[in-house]
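Undergrad: The sequence shown begins at 5 in my numbering and counts up by one.
Take this structure first; my questions come after.
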Amino acid sequence: MEAYFMGIDTGTQGVRIAVSDTEGNILFEQEEKWDTMFPRVGWAEQNPNVWWEKITDIFGRALSDLGKEKMQKIRAVCVCATSSTVFPVDEEGTPLRNALMWMDARSREEMDAVNRTGHPVLDYCGQETSFEWMIPKALWLKHHEPELYQSCYKLVEQLDWINYKLCRVWSSSICNTTCKWNYVSSLGGYQRDFFEQIGFEDYEDKLVTRVDKIGAPLGCISQELSEKYGFSRDMLVVQGGIDAHMAMFGLDVLRPGKLGVIMGTSFVHLCLSKEKPDMTGIWGPYDSAIMDGTWLLEGGQISASGLVNWFRKNFHIPEENGNPYGKLLDVPERTPIGADGITVLDFFQGNRTPYKDALAKGVIYGLNIKHTWEHIYRAVLESVSYGTYNIIKNFEDHGYEIDSITACGGVTKDAQWMQMISDITGKPITVNRNSQAGALGCCVVAASQGRFYKDFQDAAKHMVVPKKVIYPNVENHEAYQPYFEKYLALYLSLRNLMHE
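What follows is the structure in structure tokens.
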């Protein structure tokens, strides 16, 4: 019997919706973009109503392209979303202000206050919270918009709200709550003394405290959406999670030793451990955030392919044959390893891991009159690659061995850069048939838990298909080592200046 599954991937720049069959073949896939507003330096906001308008626009196109017969065969839908992207709603779910995006940094003071508590709950998130997360953002709203805070029904995340719009059920995901809300399963969930200590004693009133595991059914699609877009009334809405984390299902990195890297505007590095490791320089270890009985380990680089866009814009690199990146693709072939002495630090928006240094700065070091924009560009690519290598070394220096990388995202289209990352890290990199692992990961989750496949691993085995493997050049790996050491030394030398 034919069965289809829908994945909704709501990212920073827009939404992608895919419909997959049971073998991971994509029958339908479309995306819509949306804008981010920057009302002040360090602030970033989006309008939730625009998200829903774009999502339902794509629903309409899916009905037009697939027809009602196929739409009726979609058994389940799953959503992944940016996190923590936070806003208040009333009892009908109506947004009461623009959403504070995950990257919005206005809650640094609240973050610092939480971290100063030294509460044991911080042992489960890398010893400190981040301004990107739910709790500092909620406290900022409480402190700076008290009337709105007091009058709102709930403070919700993007994922919570989209699920509510789909099935009229309020639920939070164990993925989001564990990674961004200081929820710890093995301690019984939320720790009241922690919330009282940070001045968020009314958290049960203001947060969506129902927590569901990834893949758990939340309810059936609403009658209104069913009638308008041709969905079966029996189509389930199942719990999803954070966009990057849900990509683990679409990458099939569901066993220890396999590192999933989402290579987009930022890079996110994700892997699982059977034991809770004693590790610094990471986010986590997160207790059962993805699957029961596993610990999620997370690294990340805030500035990655975003630096390519910065470079292209500020160095006025023209398009080539309609491709905005065309003139950049062959630069690594024309420039030597080490960029003739230029070293770039990729910390243009701070360092997420392993230094967790929000005050780290971007640097272009070693300029000489002989250098061209091509040398600088190669050094930019090398810097992001060194950042990934630094994160991998941090994992391995703490005893966690990584045998391979599986990657997704826009960077996987750049063959030269992918080879550079493989050479610098010394790891083989697998790229799958479907590089949009967020939407596919949602389809994998939708198809699991007995809806077609018995569990996540079974679904991923059938639905995630490898396309190619990039192997490291051993000689190049050795050649990069002194330049990597220079990258590390440059940060250590400049760190105090960055903090002044």
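Virtual Cβ for every residue (Gly too), placed ideally from N, Cα, C.
Just so you know, these numbers come straight off a predicted model, no measurement behind them.
#1: For Lys-74 and Arg-65, I'd like the C-alpha separation in whole angstroms.
#2: Evaluate Glu-27 with the Cβ neighbour count: other Cβ atoms within 10 Å of its Cβ, from every protein chain shown; 16 or more gives buried, anything less gives exposed.
#3: For the beta strand (DSSP E) containing Cys-171, list its first residue and its last residue.
#4: Quick check on the DSSP output: the alpha helix (DSSP H) that includes Pro-150 runs from which residue to which?
#5: Apart from the five residues on each side of it in sequence, which residues of its chain come closer than 7 angstroms, Cβ to Cβ, to Gly-430?
#6: Given the structure, does Val-19 come close to the ligand GDP, in the sense that its CB is under 7 angstroms from one of the ligand's heavy atoms?
#7: Taking the beta strand (DSSP E) that Asp-462 falls in, what are its first and last residues?
#8: Buried or exposed: Arg-382, going by 16 or more other Cβ atoms within 10 Å of its Cβ?
#9: When the distance is taken between beta carbons, is Asn-167 closer than 8 angstroms to Val-265?
#10: Spatial neighbours of Ala-80 within its chain, please: C-beta separation below 6 angstroms, excluding the five flanking residues on both sides.
#11: Do you know offhand how far His-148's Cα is from Gln-154's?
#12: Which term fits Thr-89, buried or exposed, when burial requires 16 or more other beta carbons within 10 angstroms of its beta carbon?
#13: For the segment 358–421, which segments carrying the beta strand (DSSP E) assignment without a break, of at least 3 residues, lie completely within its bounds, in sequence order?
#14: Can you tell me the Cβ-Cβ gap for Val-215 and Ser-176, rounded? I've got them flagged as a contact below 8 angstroms.
#15: Going straight from the alpha carbon of Phe-352 to that of Val-312, what length do you get?
#16: Does the beta-carbon of Thr-284 have 16 or more other beta-carbons within 10 angstroms, so that it is buried, or is it exposed?
#17: Mind checking Asn-318: buried by the 16 CB within 10 Å criterion, or exposed?
#18: Where do the N-terminal and C-terminal ends of the beta strand (DSSP E) with Val-241 fall, by residue?
#19: What residue ranges within the segment 224–294 form continuous alpha helix (DSSP H) runs of no fewer than 4 residues, ordered along the chain?
#20: Measure the alpha-carbon distance for Thr-213 versus Ser-387 and round it to whole angstroms.
#21: So, is Ser-111 buried or exposed, given that buried needs 16 or more other C-beta atoms within 10 angstroms?
#22: Between which two residues does the beta strand (DSSP E) carrying Gln-34 extend?
#23: What number of angstroms, rounded off, separates the C-alpha of Asn-414 from the C-alpha of Gly-71?
#24: Tell whether a beta-carbon distance below 8 angstroms holds between His-375 and Asp-344.
#25: What does Gly-304 pair with, by DSSP beta-bridge criteria?
#26: Is it buried or exposed for Glu-489, if we count other Cβ within 10 angstroms and need 16 for buried?
#27: Please determine, among His-123, Asn-53 and Ala-364, the residue with the shortest C-alpha to C-alpha distance to Ala-103.
TA: Based on what the coordinates show:
#1: 13 angstroms
#2: The C-beta of Glu-27 has fewer than 16 other C-beta atoms within 10 Å across all chains shown, which makes the residue exposed.
#3: Under the DSSP assignment, Cys-171 falls outside any beta strand (DSSP E), being part of the alpha helix (DSSP H) whose first and last residues are 162–171.
#4: 150–155
#5: Pro-476 and His-481
#6: With respect to the ligand GDP, the structure shown offers nothing to examine, as it has no ligands at all.
#7: Here Asp-462 belongs to no beta strand (DSSP E); instead the alpha helix (DSSP H) covers 460–467.
#8: buried
#9: In this structure, Val-265 lies away from Asn-167, with their beta-carbon atoms at least 8 angstroms apart.
#10: Phe-9, Leu-240, Val-242, Ala-450 and Arg-455
#11: The straight-line gap from Cα to Cα measures roughly 11 angstroms.
#12: Buried: at least 16 other Cβ atoms inside 10 Å.
#13: 366–369 and 408–412
#14: 5 angstroms
#15: 12 angstroms
#16: exposed
#17: Asn-318 is exposed by the Cβ-count criterion.
#18: According to the DSSP assignment, Val-241 belongs to the beta strand (DSSP E) that extends over 240–246.
#19: Segments of the alpha helix (DSSP H) lying fully in the segment 224–294: 227–233 and 247–255.
#20: Annotation: Thr-213 to Ser-387 spans about 41 angstroms, alpha carbon to alpha carbon.
#21: Result: buried.
#22: Residues 30–37.
#23: Note that residue 414 is Gly in the sequence shown, not Asn. Rounded to whole angstroms, Gly-414 to Gly-71 spans 30 angstroms at the Cα level.
#24: yes
#25: Bridge partners of Gly-304: Val-272.
#26: exposed
#27: Answer by Cα proximity: Asn-53.
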